[in-house]
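Below: the structure, in structure tokens.
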Amino acid sequence: MTSQNQPRNRFTHLAIATLVAVSPLFSFAQNKQEAHKTAKNIVLVHGAFADGSGWKPVYDILTRKGYHVSIVQNPLTSLQADVDATNSVINQQDSNVVLVGHSWGGTVITEAGVNPKVSALVYIAAFMPDKGESAGKWVAAAPPAPEAGFTQPDSAGYVYFDPAKFQKGFAGDLPKAQSDFMNASQVPIKGQCFAEAVQNVAWKTKPSYGIVATEDKALSPVTERTMYQRAHAKTTEIKGSHVVFLSQPEAVAKVIIAAAENL
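Those letters in the sequence shown? Residues -29 to -1, 1 to 234, by mature numbering (1 follows the signal peptide of the UniProt record, and there is no 0).
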């Protein structure tokens, strides 16, 4: 009886020992997969003259693919106020964040992107300034664009995109009815924002992606390429206006997903 049980006991002990040995490997693999799943946080930062609702087409695509997407509503009253609003949203995330900025939002994510939760940056037809630079510096350096223009600051210091130029200069590839509504619902920005210099530069230490909107009239595609190349950002060119995220949401979402999947 005892001799017959010895091989069985040896097998049982061996099986237990094997499970004990490999269980940490299974645990490690499981934790790694879980970490990858929780790294799917995307934070979207809008630019001047718009608000976060413009991200809806991109939001819909990303959420259908399983990403957790949050949208910042910038006050557009100062660079620091927008950075604070962005960090407030970043800090609510449970793990790594892909931080996405459009236009003026590129200046914001350059500064806010130093947050340790941010793993990658995506610039969409956006400013990508270096330390000590302002968005206004790049506006002044851009080739002339007669289709675009800003109003003079009003009594409170707010600036609008010239309503008469909005259709062609800001949203040239959108239906006129949609562009007209965006024009009527503009969110102005304090003019001083464009003069405020960046002090922290996230793209120097974190992977960065840039989208050039090749039909952009509000921010020159030449300027976009120059900033992205200097930062060694992985660049994608998409035929679209300044609001390329509205006219070409699938193509824009593809770049954001690439950033998210290469953390």
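Idealized CB from N, CA, C, for every residue including glycine.
- 7 angstroms Cβ shell around E167 - same chain, five flanking residues per side excluded: S49, L50 and S105
- Query: When the Cα atoms are used, what is the spatial distance from A91 to N12?
  - Reply: Looking at the backbone, the Cα of A91 and that of N12 are separated by about 11 angstroms.
- Task: Hey, could you find the ends of the alpha helix (DSSP H) Y180 is sitting in?
- Result: Here Y180 belongs to no alpha helix (DSSP H); instead the beta strand (DSSP E) covers S179 to A184.
- Check N154 in the structure and name its three-state DSSP category. In the three-state reduction of the DSSP assignment, N154 falls in the helix class.
- Message: Threshold first: 3 residues or longer. Then list the beta strand (DSSP E) segments lying entirely within the segment 56 to 116, N to C.
- Response: Correct list: 68 to 73 and 89 to 95.
- Backbone secondary structure at Y129 - three-state DSSP: strand
- Item | Sheet register partners of F137 (DSSP bridge) | The partner list for F137 (beta bridge, DSSP) is empty, contrary to what the question assumes.
- 6 angstroms CB neighbourhood of W26 in its chain, flanking five on each side removed: Here the set comprises L15 and I42.
- Item | Unbroken alpha helix (DSSP H) run spanning T206, endpoints | Segment K205 to I209 is the beta strand (DSSP E) holding T206; no alpha helix (DSSP H) there.
- Message: Distance check for P134 and K147, CA to CA, integer angstroms please.
- Response: 13 angstroms
- Task: Could you have a look at L47 and say whether DSSP puts it in helix, strand or coil?
- Result: coil
- Message: Helix, strand or coil for K188? Go by DSSP, reduced to three states.
- Response: coil
- Is P28 near the ligand FMN, in the sense that its beta carbon is under 7 angstroms from a heavy atom of that ligand? You won't find the ligand FMN in this model; it holds no ligand whatsoever.
- Query: Taking just the CA atoms, how far does V54 sit from Q170?
  - Reply: 12 angstroms
- beta strand (DSSP E) containing V16: first to last residue? N12 to V16
- Query: What are the boundary residues of the alpha helix (DSSP H) that includes S218?
  - Reply: Annotation for S218: the continuous alpha helix (DSSP H) segment containing it runs V215 to S218.
- Message: In this structure, how does DSSP classify F121 when only helix, strand and coil are distinguished?
- Response: strand
- Query: So residue 236 and H213 are in contact, right, with Cβ under 8 angstroms, and what is the actual spacing, rounded?
  - Reply: Lying outside -29 to 234, the shown extent of the chain, residue 236 is not represented and no answer is given.
- Between which two residues does the alpha helix (DSSP H) harbouring Y30 extend? K27 to R35
- Is S41 helix, strand or coil by DSSP? strand
- Item | Cβ neighbours of N154 in the same chain (closer than 6 angstroms, five flanking residues each side left out) | P134 and F137
- Item | Cβ contact (3+ pairs, closer than 8 angstroms) linking the segment 185 to 198 and the segment 116 to 126 | yes
- Item | Stretch pair the segment 62 to 69 + the segment 84 to 103: three plus CB contacts closer than 8 angstroms | Contact between the segment 62 to 69 and the segment 84 to 103 is present: three or more C-beta pairs spanning the two stretches fall below 8 angstroms.
- Task: Buried or exposed for E232, please, with buried defined as at least 16 other CB atoms from any protein chain shown within 10 angstroms of its CB.
- Result: Burial call: exposed.
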